[in-house]
Amino acid sequence: VTVRKPFRLWMPILILVMALVAGAVVWSLPTIGRTDNQPADQACDVTEVDKEVTLFAENIGKSRVGYGLRRGQASIPGPTMEMTEGECIAVTLKNRSDRKASLHAHGVDYTRASDGTRLTRSCIGPGKDRTYVWQAHTDSLRTDGSVEPGSAGYWHYHDHCRMGEHGTRGIYAGMFGALIVRAPDDPVPDVEPCVLVMIGTTFAFKRAPNTPVCEANLGQRVEFVVITHGDEFHTFHLHGHRWADTRSGALETLDDPSRIIDNKTTGPADSFGFQVIAGERVGPGAWMYHCHVQNHSDLGMSGIFLVKDEEGRITPDAQRALDAFQGGHHH
Ligand SMILES: [Cu+2]
160 VTVRKPFRLW MPILILVMAL VAGAVVWSLP TIGRTDNQPA DQACDVTEVD KEVTLFAENI
220 GKSRVGYGLR RGQASIPGPT MEMTEGECIA VTLKNRSDRK ASLHAHGVDY TRASDGTRLT
280 RSCIGPGKDR TYVWQAHTDS LRTDGSVEPG SAGYWHYHDH CRMGEHGTRG IYAGMFGALI
340 VRAPDDPVPD VEPCVLVMIG TTFAFKRAPN TPVCEANLGQ RVEFVVITHG DEFHTFHLHG
400 HRWADTRSGA LETLDDPSRI IDNKTTGPAD SFGFQVIAGE RVGPGAWMYH CHVQNHSDLG
460 MSGIFLVKDE EGRITPDAQR ALDAFQGGHH H
């Protein structure tokens, strides 16, 4: 009896050890590969992407950080990314800023490896590079017959790592940009999209009269992308033009009942966009855009949509309005 006693003592210990090992394996399964950046970890094979982009994160002056396509070209907002449904894009971030940085996208498909957060260990330190992979899918029917929407939309990307869990300091430093995903049949604008980012009581840290001037010739198709960041809610208003409150800002058919608006309420991390025909029914001019929260507009949240004539000349009327806008704001 006494001979078998040690064996009976060993059995529970052995079972406990085996359970611990099994538990450790199961626990580590979801995290295997989380710091790697292998094709299998991404939403699509990084060796077969449709587009490759390099983005640099760089300090701008003392308090700002931006993204740029080349060294020394960081801007706020950063470069506008464009994708078409069905495409996969690999964005290699070269962090040349002084703190941790990442890319976190809204609206598209990505895996944990491209989530761009501390939680998923997909931030990178200063001097490091990392490739983030985004996939935009087309709409389709699920097996139950319901519609799975496509990725098309006016989205955005931003830092999620600078000096905290949520990228708050990155966003307030200027680390954000627009991400436009088009459906295959979407019309393409005639001029570069006008990206307006409402943050604090500014448009991308600028107040009137230093806010962006969106320019187009009469009759051109112009695309606006409006992104909100920070802690304020805003109401974006554009003079002389209006759009449908839909995914693209357009109506699908003549009897599409979607609401037509020229003023939209937005909150932090909201984004929307639309296309207008510059000066349609109203002609050339310096048309104002502004936040319609009155104390925000009074603090300088306004700018100009400059519609020139068909040959690209600024009309005398538009010039007078531009001068009044410049002279009416003291900063
Ligand atoms: Cu506002």
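Under this note's numbering, the first residue of the sequence shown is numbered 160, with each subsequent residue one higher.
No residue lacks a Cβ here, since even glycine has one placed at the ideal position from N, Cα and C.
Residue i beta carbon near ligand 1 (any heavy atom closer than 8 Å)
i, result
"E505", "The structure shown does not extend to residue 505, since the chain spans only 160 to 490, so no value can be given for it."
"H393", "yes"
"M447", "no"
"H388", "no"
"T243", "no"
"H398", "no"
"C247", "no"
"T370", "no"
"M322", "no"
"V385", "no"
"T213", "no"
"V452", "yes"
Local Cβ density within 10 Å of residue i, reported as buried at 16 or more and exposed below that
i, result
"Q434", "buried"
"A178", "exposed"
"N422", "exposed"
"G459", "buried"
"D258", "One detail in the question is off: residue 258 reads as Arg in this sequence, not Asp. Under this definition R258 is a buried residue."
"K438", "Here residue 438 is Gly; the residue named in the question, Lys, does not match the sequence. Classification for G438: buried."
"A181", "exposed"
"L397", "buried"
"G323", "exposed"
"L175", "exposed"
"V205", "buried"
"N454", "exposed"
"L262", "buried"
"V384", "buried"
Secondary structure of residue i, DSSP reduced to three states
i, result
"Y226", "strand"
"L175", "helix"
"Q478", "helix"
"Y269", "coil"
"V347", "coil"
"M170", "helix"
"P189", "Reliability fails at P189, whose pLDDT of 48 lies under 50, so the model's placement of it is uncertain and the value that follows must be treated cautiously. Three-state DSSP puts P189 in a helix."
"G462", "strand"
"Q485", "helix"
"V205", "helix"
"R380", "strand"
"K259", "coil"
"A233", "coil"
"A264", "strand"
"A183", "helix"
"D195", "Residue confidence is low: D195 scores 48 on pLDDT, short of 50, so the model does not pin down where it sits. Its coordinate-derived value is still stated next. Correct three-state label for D195: coil."
Cβ of residue i within 9 Å of any chain B Cβ
i, result
"L397", "Given the protein chain composition of this structure (a single chain), no chain B is represented."
(message) For the structure I just gave you, are there three or more beta carbon pairs, one from the region 232 to 241 and one from the region 265 to 274, closer than 8 Å?
(response) no
(request) Quick one: which unbroken alpha helix (DSSP H) runs of 4-plus residues sit fully inside the region 389 to 454? Chain order, please. (result) none
(request) Check whether the region 253 to 261 touches the region 342 to 358, counting contact only when three or more Cβ pairs, one atom from each stretch, lie closer than 8 Å. (result) no
(request) At 3 residues or longer, and completely inside the region 305 to 363: list those beta strand (DSSP E) runs for me, N to C. (result) 312 to 317, 335 to 341, 353 to 358
(message) List, from N- to C-terminal side, the beta strand (DSSP E) runs of 3 residues or more that fit wholly inside the region 273 to 301.
(response) 288 to 294
(message) Closer than 8 Å is the cut-off here; do at least three beta carbon pairs connect the region 425 to 434 with the region 457 to 474?
(response) no
(message) So, does the region 260 to 270 touch the region 292 to 303, judging by three or more C-beta pairs under 8 Å?
(response) yes
(message) Quick check: the region 217 to 226 against the region 330 to 341, are at least 3 beta-carbon pairs closer than 8 Å?
(response) yes
(message) So, does the region 337 to 344 touch the region 365 to 380, judging by three or more C-beta pairs under 8 Å?
(response) no
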